[in-house]
Structure formats: structure tokens, C-alpha cells
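*Asks:* Before we start, here is the structure in question, set down as C-alpha cells.
Protein chains: 2
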Amino acid sequence: MSRQFLAEGLELSGGDYGIAAVVAVVALIALVIGYFLLKEVLAAGQGTAKMQDIAKAVQEGAAAYLKRQRNTLSIFGVVVFLLLFALPADDWSERIGRSVFFLIGAVFSFTIGYLGMWLATRANLRVAAASRESGGREKAMRIAFRTGGAVGMGTVGLGLFGAAVVVLAYAGQAPKVLEGFGFGAALIAMFMRVGGGIFTKAADVGADLVGKVEQNIPEDDPRNAATIADNVGDNVGDCAGMAADLFESYAVTLVAALILGSSAFGASGLIFPLIVPAIGVITAVIGVYITRARSNESGLVTINRSFYISAVISAVLCAIAAFVFLPGSFAAFGEQYANDGNPAVIATVAVIIGIVLAGLILKLTGYYTGTEHGPVKNVGKTSETGAATVILSGISVGFESAVYTALVIGAAVFGAYLLGGAIALFAVALAGTGLLTTVGVIVAMDTFGPVSDNAQGIAEMSGDVDEAAAQTLTELDAVGNTTKAITKGIAIATAVLAATALFGSYQDSITKALSTIGTTADGVKSFIDTIVSPNTLVGVMIGAAVVFMFSGLAVNAVSRAAGAVVYEVRRQFREIAGIMEGTTRPEYGRVVDIVTRDSLRELATPGLLAVFAPIAVGFGLGTGALAGYLAGAIATGTLMAIFLANSGGAWDNAKKLVEDGNHGGKGSEAHAATVIGDTVGDPFKDTAGPAINPLIKVMNLVSVLIAPAIVQFSVGPDASFGVRLAISLVALVIIVVAVVISKRRSTVISDTPAETQEPAKTA
Amino acid sequence: MSRQFLAEGLELSGGDYGIAAVVAVVALIALVIGYFLLKEVLAAGQGTAKMQDIAKAVQEGAAAYLKRQRNTLSIFGVVVFLLLFALPADDWSERIGRSVFFLIGAVFSFTIGYLGMWLATRANLRVAAASRESGGREKAMRIAFRTGGAVGMGTVGLGLFGAAVVVLAYAGQAPKVLEGFGFGAALIAMFMRVGGGIFTKAADVGADLVGKVEQNIPEDDPRNAATIADNVGDNVGDCAGMAADLFESYAVTLVAALILGSSAFGASGLIFPLIVPAIGVITAVIGVYITRARSNESGLVTINRSFYISAVISAVLCAIAAFVFLPGSFAAFGEQYANDGNPAVIATVAVIIGIVLAGLILKLTGYYTGTEHGPVKNVGKTSETGAATVILSGISVGFESAVYTALVIGAAVFGAYLLGGAIALFAVALAGTGLLTTVGVIVAMDTFGPVSDNAQGIAEMSGDVDEAAAQTLTELDAVGNTTKAITKGIAIATAVLAATALFGSYQDSITKALSTIGTTADGVKSFIDTIVSPNTLVGVMIGAAVVFMFSGLAVNAVSRAAGAVVYEVRRQFREIAGIMEGTTRPEYGRVVDIVTRDSLRELATPGLLAVFAPIAVGFGLGTGALAGYLAGAIATGTLMAIFLANSGGAWDNAKKLVEDGNHGGKGSEAHAATVIGDTVGDPFKDTAGPAINPLIKVMNLVSVLIAPAIVQFSVGPDASFGVRLAISLVALVIIVVAVVISKRRSTVISDTPAETQEPAKTA
């Protein structure tokens, strides 16, 4: 473990404190800029009263959901807050810091999610309104992108500020406290991704099954009782969930870099990983402000240009920072290291690897999910031979893109690792911070999607928007589809980089715990040797299995919740007279309530699985199996996440291709086939797929946190197989009970009396 | 690596030779019994001239395909035969033995596949004929099961005979030679699974797309030019591919047990792993002969009863054998081992774990794919809300069943490992041999499926079978669906057990190679330490990615080949007058030729990927990354294989549920939805899924074979990064070229002139 050879001084110098303080100020500036962007968005025109009415219903529904989710998660948060105290730490300051910053990470994560939703539900109205004015396209696009800019600034500002404060306050003890911060962020983000993902797709699928399929009324038709819920879903899933997820990606990657930086360079290694994302803040501001729609180019070109410009600026500034702040040789740490390479060069190249990786994922995802490239065109073509071939070709696209994306990510990890030499793991983490410099722009790109999607919904429902404006909104929506897929690719890449780095710090943590107990060097060796055994292989298999299980649970949850929506909408059509004629308003609120209740109930099982599975494996089968578990979960999780995201994206855009008049156009059999593909893809790309990213991080952080406790009960005076088995069994029982409960729920729904399951005969 | 402590004597005692000779004789007896079963099948009545005509066309098509496949594979086999000489070995005798037994394994694998096809294409005619007689159900079932019995006896007979001969001829050097034998079997089986899988599903999907969907004529209608190809496909895929696959599972598991047995107990450890499957031969004979259809119970009950009876007999006999042939204490190997447990008890429990595992998989698979249980009923129910929900629920079933099956397999591995103590890995391998005792019955069960399926096809096409007989054949076909899914589960379980054992022997092989080079103990330690690094994690990710890629390639290959069938059948309908009226016979042979050509072409890319990916990873990234690669491939491969097999099985049987009159019955929208599910499931369950089992074994054996060479070029006098890089790059280039060629093929097909793509307007 040569990378530890430099870890000596755990004191920050005065200069280091100064830099960390500057970074904190940069983070605050980002928040201020975000505030101004937010003001600009809110200042835009709000359209007709009818449009405002609809927007208000969506705002209220989304706020109500997030408030209930906050209450649910608060309980969970407090329990974990207390449990964290039970885990080993150096002293009470560290122990308290870890728990407190767990809460802060959790609150930040929720806050940024809430902000994303709050602003999006206001911005969509304004985008819809702007599309009606002259020069509407440019105005609408500007509002949508500024909305994303505000959320993006909030994301990077809060993440960077939190990390900088921890470094300032805890210096050498920062790593343990940062584990808490990252864990809080990841845990809440996972719940928001899962809950929001279930909400949005349950409402969407439920609305489509009754509206489009049974009653033959268009999407977003106000006669459909699930329409408002569908629009609320876009905001709590694609906005709140996504923002929290990206915040967590940002925080955890930064945390991993800081932990490994301190492990490689001592406390002064805490500084450079702060500088890189601070540079990212600056370039994100540039990126947001230079994004201006041009009338003669597609929105995607505009957004991509901003991305590439800010990526290049980031790379240049990071290189400069590396040469200014890092020594030119490892000799500074002792003459014997003089030939170990140039830290400044290593850091520069590592950061650039991360930035280039972001660009490559952008390209790959665009290729596999964009309507203008081969794969989606091919899926569209297969619609001529029916739904089965659409499904098969979409799955192939997903598999293929997952393989190439995973290989690119793997190459980046391996490149950084090879390059890093003595600081190999730190180099991997730095590649992660390189990716982070693009997060500001990425959030801005992603928020673009749901805001335009919702603007289109409001326009449709109000009927107050003319043909040209509708055209504008449709174009923006299509652009949003691709930007959404790109974000998911980048998010999963941060998961792999952070996880690889954390995988290293997991081992560190074990070695350190062993040395605390006073095991000899030989003892450490033999302990680590047991990691290479069939035991580990079983761990790898369980890790891969958890990813499959989590995905299956998420897809199932959507089906169940969508079923409840279907029954309710059918009931309203049947029992409330005048809905179909448009004389009576359906009870939108009831559907929102049902989906809110169901998605909060459904998120428990996958959430508990994520937290307790590593505990069951770690205490039950040991640290070697847990290492294997993490490796299996990371590898399979990466492939599964990209597969789900990209096949979903390809189906969605293949449908758009057909709707644009290819292969028979709207209403043809080919169209029906692509609608089936799109419906299958919905829970893939918006529920199961994106939730795997925080899942990986949660499982990784849980493992890092519990590693010392596992060691404590495995060797030395506290060693006790009984205690380990007991902890493992408790965790297992929690998982089993959660799974059984959600199984029974599915029985209850299919036992709903037949009459409530029948479609209303109104047509 | 304590399990090696016993490995001293590499000499077989005279008694050991005697036992091995007895085992060889038992193997020959199995072949003789198989011959008598075969005679019995051939002696049955052959029905009408029309039926014989059709059967003859199928026989000729299948034989033509396998002959062309033999020619293609011969070239490949000779190349590998020569390449094997380049790999390190102790002396020339070992080197020659390894290559020669590679060829023998390959020839055996092909032979058993050919036999399976040859007999099935004759048995289906006789089953169809028997169904017309009085007491037809019992007679038909008896012929179908005896056919399977003949193939099963051939499988276990050849596998056991080969292994016993190697042990007799090579004694202490047997392990290396066995690696060659297993590799030959696995490699050919993989190609036969992939090629046969592509053939059967391309013909099936192609026939359905034009016949059922476009021309609205029933399945197996003689006017469809692809009908004969479809029936040929069942035989080359489900019979030949399956038989070769199970032979390879048998051979490789046995090889793994023998390798680890000799590693644990020296040459005498080669004996017990031979005794266990010899017992399996005896119980398989009992199982086949006690299977008698009763008129008042379903065929599945009959078959399951035979399975359980023979499993119990196996367990009892194995326990007796363990106490007779194994010492009661490790003290026999030195007083210091006196307290290491009782070898006889350990071996007995391990074997029973394997047998119980087979039973559990049978139960689990039956639950998830059988029409009488919740999961398939639920998939059937979702057909009421359309194809999208059918697809989603089927995917959920697949994910869920994959998780539970993987966990059961993992528990078996872990249980055997924990139990094994000093001989942990050997215990895992013994659990594998426990599974093997059920293979004879399993093959008999599996062959049942395609034979009844084809019998139904012949009956349908000839029109010479009455209502009652058709009913009998339909029932047998449904039973066959579940037995097929069960076999796949068992096959993948053998893959995991063998792979885990081989994973251990991979490390053994590295340690041994290191000690040959003269590395010190510390050197070995530090070399093994590098296994635990992010490098390994990258390996895990690549291993998982290869499974995704392989699956995607297989699914894609089916789509492409099915496309070619569609164009040809459309062409015949358009250009040959009188087909639709039934006055002219379509050119069946042309479709068979096209599918033969395409499937042989398509199997190259996945095949090359399987062989060269471990070479690229091992030489390029080192032994640690290769260990990770194997772990990733095993874990993800297991889950993916079960997911694909069971979701496919569930869709197929959900369709049958609807066809039995549920949810609207045949012709309803619900039926159309399940047909889409079934079509998606076809390449899942019959092409990609089953091919993953031999894929895992091929990759494992390639790794074990090349491990010493990697070590040779990594440390010691021959160490050369250049050589390693060169080998890795050559392997990589081969993969890339293969992928690019198959990519270009897909372009060529979609560029086929539009007129040949149009359906004929005959209706």
C-alpha cells in the first residue's frame, strides 16, 4: 500500500487554511449567482390565468409530496444519526462531527432537491408563457437554461461549501467527518431518486394506460384525473430527484478525493481536491452565461457548445492550479521518493482524464440515444416488424452502449491508476474531481429537460398556446430527452470513480483498524490474504444480485403504483358524471394523494436493502466478502444503470422518430409498437436506472463506515463470531421483512375486487 | 492456501487404479444401456408416409447444418490444438496429453450433440406416430423419455469414460491433461449452443413474423417456407446444443473436482470424484427406467418423481461410498491434522449439498416458470393492460428469480466452502459432483421438451393426427417447456460450482508458476497482494461487460438472421405461384440453407470474444485483473443467464395460459400481448441465456491455461512488458475486428433493397 507512504503531517498550514477559506467564499459566491439566476427566472411573464391555475396545482402537488417525503425521511435520518454514534471513531469530536455532518449532508441534499422542484414548477409556467411571445424560442430556452443554472449553482455551491467547512473545522480529522457528510447526501438522494422515480412513472404510466389506451384521449388532456399527478411527477422525479442525485454525486466524489488526498499527502492533500471543483464553479458560471440560443441551430448544439467551452477552460485552469499548488517532485516528501514522478503532472493529467471522460460519455450517450444516429434509427426501423422487435433492438442498444460506456469508464479508472504511481488511488479520485468541474453545466443541461416537458404540459392543458409556440416547446422537449440521458451517464461515471476511490479507502480503513488493534504486519497480511478466496467470489455474486434485486423492486413498485392510479382514474370516469364531456373537473388531488402515499411506501424496501445488505454481508461473511460485494455491485451496477438509461432513452426517441412521420407516423401500427417500447422504457430510464447511482454510493459508504467495526469483532480482544452473526442476522431479517411486506402489497392489489378494475364504459 | 498441505504423493496405488478401471467400465456400461434405449426408440412405429416425408426433411436439414458446423469448428479446433502447445507444461508428455485430450473433449462434445440431434429427429416422428395409437399418451411419453435417457446415458458415459481414462493414463499429471479435456468440451459446446441457439430462434422468429403476423396462417403451416427450418432449429438448438452443453457441464465439473482432489489429497484425490458420478450413472439408469406415465397425473409430476427418487438414492450411495473410500480423519495424512475434521463426513455433506441444490433449483425454476404458480399467472394477468406491462412483469420475474437462484447457489458454494475446512475448495468441487449425479436424469428431462415440440410440429404439418392425439402432444409440449427451464438452471449452477473451484485452481496455478520461477515466499505474497487493487475492480467491470456484450451479440445475431428469413419467405410467397393455395410446395431447403449460413457466420464473434477477452485482460492488465475479470463474469453471468432463461420461460407459459382460455383466450388482445412477450423471450431463453453457461467455463479454462504464461512474462528471467502487451493487443485486435465485421453485417441487411423487404400481397 505504497500510496500511504506520504501520510504523515495531519496539520494544515496557515496557507492551506487560507486557500480552504477562499474556496468556501467561492462556494458562497456560487450560491449568490444562483440566487440572481433564480430572480431572473421568476421575473419572467407568467402567461394566462388558466396557465397559472394549472401551474399552481402542480406546485401544490409537488410541494405536498416533498413535505410528506421530508417527514418520512426525517425519522429515518434521526435513526441513522444515532446509529452512527455506535461506530468506532478516534474520539468524540470525530464521532459527533460525523453524525452532525451526516445530518448536514442529508439536509443539503434534500434542500437542493426541494429547490430544484420549487423553481422548476415556477419556471415551466414562465417557459410556456415565453413561448407565446415574439422571439419566443430564444426567450423560452433562456429561461429553461437559467433555471438549470440556478439549480446547478446551488448544487455545486452547497457541496463545495460543506466540504470546505469540514476541512476548515476538522483538518486532519476531516476524512471521517466527510464520510458522514457524503453518506447523508447519498442516502437522501437515493430515497429521493427512488421515491421521485416511482412517483413520476406511476403517474405517467397510469395516466397513459387509461387515457391514451382505454379512453383514447391525448396526453395531458385535462379530462384525465392523472394529468396533474403526471406533471407533479416530472418535477419530483426529474427535478427534485435529479438535483439531489447530482448533489450527492458531487459531494461523494469530493469526499472520496479529500479522504484519499489526506491519505496520500496528509492534511495538505485536503486542499488541491477543493481547488479543482472551485475552478469548476467559475467555469460553470461561464457556461451558463454563454449559453444563448441561436435561431439557426438546434438547442442541443447550443448546449453542447457551452459544455465543451467550459470543459476546456476547466482543463486549462486546473493545469495551472496543479503547477502552482503542487510540488514538482515527490522529493519534497523525502529524497527517496525523488524519482516517483511529478505530482503536478500526475494531478493535471488525472483531472484532464476526468474532464475528457465527461466529454466521451456525452458523445457516446448522444450517439446511442439521439434521433439522428444509427442506433435509434434502427430501433425506429424495427417498429415495422412489431413491438417485439422494438423491444429486442432497444435492449441490444442498451447492452451495447452499456458495454462501451463501462469500458470507457474502466479505461479512465485504469489510466488514472497507472499514471498515479505512488498516489494511484488519489489520481483516480482526482479524475473524479475533473468530472466534477462539469457538474454545474450538467445540472443546467438536465433541468432543461423536465422544465420544457412541463411547459409543454401546461401549454397543452390550458389550450392557451398557439401552433408555433407548441412547436418550440416540442423541440425543447426533444433536446431535453437527450440531455437527461447524458446526465445519467455522467452521474454513473462519478459513481464508479468515487466508488473505486472509496474501495481503496475501504481497505485503508481495514488496515488502519487492524493496526489500531495491534495486529502484527504478518497478521495484516494474512487477514488481507483471506480476501482472495471463494468467499470473495460469493460476495461478488451477492453484490451483483443486489443490483438485480434493486432494479426489479423499483420496476415492480412502478407497476404496482401505476395499477392504483389506473383503478382510481377508471373510478372517476365511472362515478363522476360529466368528466368526459369536460363539464366537470376530475379530482386531480386524489390521484396525487394516491401516488404520494404509494411511492413513499414503496421506497422503503429498496432503501432498506441498500443500507442493510452490506451490513449483512460484512458482518456475516467478513471483510473479504464485503470487498467482493462492493466490486460486484459497482461493476454490475454500472452496466445495469447505463443499460436501463440508454435503452429507455432509445425507445423514447424512436417513438419521437415515428411521431415525426417516419415508418408510418402517428397512429400507425409502427407507432403503437414504439409506444409499447417507450412504456417499457419509462421505469427503466426514470426509476430503476438513475437510482443505481446513489445506490452504489450508499453501499460503498456504509461499507467504509462499518469496516472498522467488522475488524473489531473479527480480530483482537473484541473478536466474537456471535456478535457478528447477530448483527448480520438482524440486518438480514430487516431486508427479508421489507421484501415480504412489499410482496404482500402486490397480492393485495391484484386482489382488488374485479369491478374496480374494469375500465369505465364511457366511450 | 492450507488446502495444499496434503498434496504429496502423486502416485496412484494399485487399488486406486483398480477403482478407476471399474469406473471406466461403469461408464462403458452406461453407453451400452444408452444403445439399448436408442434401439427401443427406433423400433417404435413411424406413422404415415406423409409424416415420414416431413421428418426426413427435418433430419436432412439438421444433419446438413451439423456437418457444416463440424467443418467450421474443425478449423478452429486445429488452431487451438496447436496453440495449446505454446503454453507452459511440466514436460512433453503433459503437453501432448493436454492437446490430444483437448481434441478428444471437443470430439466427444460434438458427438454427443450430433447424437442428440440424430436421435431426436427420429424420435419426434415416432412420438407423433405413437400419439395416434390407443394408450397413445403413455406410449408417446415413454418414447420421448427413453430418447432423453439414451442421450443422457451417452452424456454421462462419454464424460466419465474420458475422465477415467485420463486418470488411468496420466495419474499425477492428470490435472493438466484434464484442463485440455474440459476446455475442448466447453469450447465446442459453447459454439454449438450459440450456433444452434441462433439457428433455432432465427427460424422460429422469422417463420412467425411472416406466417402468423403477416399472412395470418397458423404455426407449422406447410405453406410457410420457414417451417422445416423452424423444426430443424429445435433439433440443432434444443437437442444438439443442449446435449453438448450438458456434456460440457458434466466434463468440466468433473475436471474441476479431479484437479482440486489431486491438489488436496495428491493422486489418490483423483479417485473419489470419479466414484460419485459413477454412482450417478447407476441412479440415472434407475431414474430412466422408473419413469412411467400414469394416466391420472400430469407428465411433470411423473418426471419430478423420478428425479427426486434418483436424487435420494444418489445421496445414500454417495454417503456409503464416502465412508468406505475416504479416511475417517485427516490424521492419515499426518498427526498434526488429526483435528481438522472427518473427510468422509465433509465429502458426504458436500455431495449432498450439490444434490439438494439441484432439487432447490428445480423447485425455484418450476415456481417462477410454471403455469400453476403466482409469477406466470401474474404475467398472464398483466396481458389485460397490454404488451408493455407483460414485458415489464416478465422482466421483474426474471430479475427476481435470478436473485433468489443466485443466492441459493451462493449459499451452496459458501456452505461447502465453510464446511470444507482444510479441503474447502475440494468440497466446493464435490458439491459440483453431487449435482452431476443428477445430470443423467436432467438430460432425459430436457430432451423430452424438443422431442414433443417437434412431434407436435410433424403432426400439425402432416395433418394425419386426430384431435385427441394433438391434445396429448400439446400437453407433453407444455411439460417440456418447464423441464427445459429447469435444465438451464441446473446447467448454470454447475457453471458456478465448477468456476468457483477453477477460480481456486487459477490461483494455485499462479502460485505454482511463481514457485517454479523461484520467487521467494515474500515475492509470492506481494504478487498476490497486487490482486487486491483498483486494477482488480476494473477487471470485475470488464468481466461483467463481456457478459452483457455476449448477450447483446447473441440477441442481435438472432434479429439479423431472422431478418434474412423474413425476406426469403416473403420472396417465395411473391415469386412462387400457388404456395398460398397449397398447390406448390415452397422451397424449404433454401430457408434452411440461409439460416445455416447465417448462424455459422454469426457464432464467430461471440466465440472469439469468449476465447480472446481473457487473453487480452490477463496479459494486458495482469493476473489480478484477470481474477477480477473471472469473478465479474461468473457473478454477472449467473444472474444474466437465469434472468434470460426464466423471463423467457415465464413469457412462454403466460402465452400458454392465455391460449388455455384465460384473460380472453386465443385471438384476444391479451393473447397478442403475450405473443409479443414470447417473441422477446425467444432469443433470451434459447440463444443468449443458455450460451452463458459454456461461456463462463470457456473463459475460466482459458484463464487457468494461460495463467502460467502470464506469470512467466510478469516475473523472473522471461519478464517482458513488451511481450505481454503484444499478446494482449493481438487478442484485442481479433475481438475488435470480429465485432466490426458483425456490425457491418447489420448495415448490409438493413440496406437490402426495399422491394425485397416488402411483404407479398397475397392475402
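Here the protein sequences come in this chain order: A and B. Residue numbers for the first sequence follow our numbering, beginning at 797 and rising by one. Residue numbers for the second sequence follow our numbering, beginning at 797 and rising by one. Beta carbons are placed, not taken as given, at the ideal position from N, Cα and C, and that holds for glycine.
Go ahead and label alanine 1030 of chain A buried or exposed: buried means 16 or more other beta carbons lie within 10 angstroms of its beta carbon, across all protein chains shown.
*Replies:* One point to set straight first is that residue 1030 of chain A is aspartate, not alanine, in the sequence displayed. Aspartate 1030 of chain A is buried by the Cβ-count criterion.
*Asks:* Grab me the residues of proline 1410 of chain A's own chain with a C-beta within less than 6 angstroms of its C-beta, minus the 5 sequence neighbours each way, in chain order.
*Replies:* So the list reads Met1495, Val1498, Ser1499, once near-sequence residues are dropped.
*Asks:* What residues from chain A crowd round arginine 1333 of chain B, counting only those whose CB sits closer than 7 angstroms?
*Replies:* Note that residue 1333 of chain B corresponds to leucine in the displayed sequence, not to arginine. Going along chain A in sequence order, the residues near leucine 1333 of chain B (Cβ under 7 angstroms) are Thr1296, Phe1299, Ala1427, Ile1430.
*Asks:* Could you confirm whether any beta carbon from chain A is found closer than 7 angstroms to the beta carbon of methionine 1337 of chain B?
*Replies:* It does; some Cβ of chain A falls within 7 angstroms.
*Asks:* For proline 884 of chain B, which three-state DSSP category applies?
*Replies:* Coil, per DSSP.
*Asks:* Between the C-alpha atoms of arginine 1541 of chain A and glycine 1414 of chain B, what's the straight-line distance to the nearest angstrom?
*Replies:* Straight-line Cα distance between these residues: approximately 48 angstroms.
*Asks:* Can a CB atom of chain B be found closer than 7 angstroms to the CB of asparagine 1352 of chain A?
*Replies:* Closer than 7 angstroms: yes.
*Asks:* Between the stretch 1344-1364 of chain B and the stretch 1177-1188 of chain A, can you find at least three pairs of beta-carbon atoms closer than 8 angstroms?
*Replies:* The stretch 1177-1188 of chain A is in contact with the stretch 1344-1364 of chain B.
*Asks:* Could you have a look at arginine 1019 of chain A and say whether DSSP puts it in helix, strand or coil?
*Replies:* Residue state, collapsed to three classes: coil.
*Asks:* Along the stretch 1200-1218 of chain B, where does the CB come closer than 7 angstroms to a CB of chain A? Name the residues.
*Replies:* From the stretch 1200-1218 of chain B, only Ala1202, Leu1203, Gly1206, Val1209, Phe1210, Tyr1213 have a Cβ closer than 7 angstroms to chain A.
*Asks:* Can you tell me the Cα-Cα spacing of glycine 1276 of chain B and methionine 949 of chain B, whole angstroms?
*Replies:* Computed Cα separation, rounded: 19 angstroms.
*Asks:* Less than 8 angstroms between the CB atoms is what I'm expecting for alanine 1227 of chain B and leucine 1158 of chain B, so what's the real figure, rounded?
*Replies:* That belief does not hold up - the Cβ atoms of alanine 1227 of chain B and leucine 1158 of chain B are roughly 16 angstroms apart, past 8 angstroms.
*Asks:* Can you have a look at asparagine 1331 of chain A and say buried or exposed, based on whether 16 or more other CB atoms are within 10 angstroms of its CB?
*Replies:* Asparagine 1331 of chain A should be labelled buried.
*Asks:* With a cut-off of 8 angstroms, do at least 3 Cβ pairs link the stretch 920-930 of chain A to the stretch 958-967 of chain A?
*Replies:* Touching, no.
*Asks:* Any beta carbon of chain B sitting closer than 7 angstroms to that of isoleucine 815 of chain A?
*Replies:* No - not a single Cβ of chain B is within 7 angstroms of the one on isoleucine 815 of chain A.
*Asks:* Which stretch, first to last residue, makes up the alpha helix (DSSP H) that contains phenylalanine 1103 of chain B?
*Replies:* Its alpha helix (DSSP H) spans residues 1095-1121.
*Asks:* Which class does glutamine 1011 of chain B belong to by DSSP, given the choice of helix, strand or coil?
*Replies:* Glutamine 1011 of chain B falls in the helix class under three-state DSSP.
*Asks:* Quick one: list the residues of chain A neighbouring alanine 1198 of chain B, beta-carbon separation under 7 angstroms, in chain order.
*Replies:* Neighbours of alanine 1198 of chain B on chain A, chain order: Phe1344.
*Asks:* Helix, strand or coil: which one does DSSP assign to histidine 1459 of chain A?
*Replies:* In this structure, histidine 1459 of chain A counts as helix in the three-state DSSP scheme.
*Asks:* Give a yes or no on contact between the stretch 904-919 of chain B and the stretch 1058-1078 of chain B, applying the rule of three or more CB pairs nearer than 8 angstroms.
*Replies:* Because the criterion of three Cβ pairs below 8 angstroms is not met, the stretch 904-919 of chain B and the stretch 1058-1078 of chain B do not touch.
*Asks:* Counting only the same chain and skipping the five closest in sequence on each side, list residues whose C-beta sits under 7 angstroms from that of arginine 894 of chain A.
*Replies:* Leu880, Ala885, Lys972, Val973, Glu975, Gly976.
*Asks:* Glycine 830 of chain A and glycine 953 of chain A look like a contact to me (Cβ under 8 angstroms); what is the Cβ gap, rounded to whole Å?
*Replies:* About 6 angstroms; that satisfies the 8 angstroms criterion.
*Asks:* Given a cut-off of 7 angstroms on the beta-carbon distance, is the pair valine 1239 of chain A and phenylalanine 1103 of chain A in contact?
*Replies:* No. Outside cutoff.
*Asks:* Note down the Cα distance separating serine 1110 of chain A from asparagine 1135 of chain A, rounded to an integer number of angstroms.
*Replies:* One C-alpha to the other measures close to 29 angstroms.
*Asks:* Alpha carbon to alpha carbon, how far is arginine 942 of chain B from valine 1172 of chain B?
*Replies:* Taking the straight line joining both Cα atoms gives about 30 angstroms.
*Asks:* Can you pull the chain B neighbours of valine 1476 of chain A, defined as C-beta to C-beta under 7 angstroms?
*Replies:* Under the 7 angstroms cutoff, chain B gives Ala1184, Ile1187, Leu1188.
*Asks:* I'd like the span of the alpha helix (DSSP H) that includes valine 1388 of chain B, first residue to last.
*Replies:* Segment 1384-1398, the alpha helix (DSSP H) holding valine 1388 of chain B.
*Asks:* Taking only three categories from DSSP, how would you classify threonine 1233 of chain B?
*Replies:* Three-state result, threonine 1233 of chain B: coil.
*Asks:* Taking Cβ-Cβ distances shorter than 8 angstroms, what residues in chain B pair up with alanine 1527 of chain A?
*Replies:* Under the 8 angstroms cutoff, chain B gives no residues; its nearest Cβ is about 15 angstroms from alanine 1527 of chain A.
*Asks:* In terms of alpha-carbon separation, which member of B:Ala1429, B:Ile1438, B:Ala1287, B:Leu1310 lies closest to aspartate 1041 of chain B?
*Replies:* Checking every option, the nearest Cα to that of aspartate 1041 of chain B belongs to B:Ala1287.
*Asks:* May I ask you to report which of helix, strand or coil DSSP gives valine 1511 of chain B?
*Replies:* Coil.
*Asks:* Quick check on alanine 1052 of chain A - is its C-beta less than 7 angstroms from some C-beta in chain B?
*Replies:* Taking Cβ atoms only, chain B never reaches closer than 7 angstroms to alanine 1052 of chain A, which makes this a no.
*Asks:* Is histidine 1467 of chain B helix, strand or coil by DSSP?
*Replies:* In the structure shown, histidine 1467 of chain B sits in a helix (DSSP, three-state: H, G or I).
*Asks:* Can you pull out the residues from the stretch 1401-1417 of chain B whose beta carbon lies closer than 9 angstroms to at least one beta carbon of chain A?
*Replies:* If the cut-off is 9 angstroms between Cβ atoms, the stretch 1401-1417 of chain B has Leu1417 near chain A.
*Asks:* Going along the chain, which residues of its own chain have a beta-carbon closer than 6 angstroms to the beta-carbon of isoleucine 1324 of chain B, five neighbours each way excluded?
*Replies:* Note that isoleucine 1324 of chain B scores a pLDDT of 49, beneath 50, so its modelled location is shaky and nothing firm can be said.
*Asks:* Using a Cβ-Cβ cutoff of less than 6 angstroms, which residues in the same chain neighbour asparagine 1020 of chain A once the five nearest sequence positions on both sides are dropped?
*Replies:* Around asparagine 1020 of chain A: Ala1003, Gly1007.
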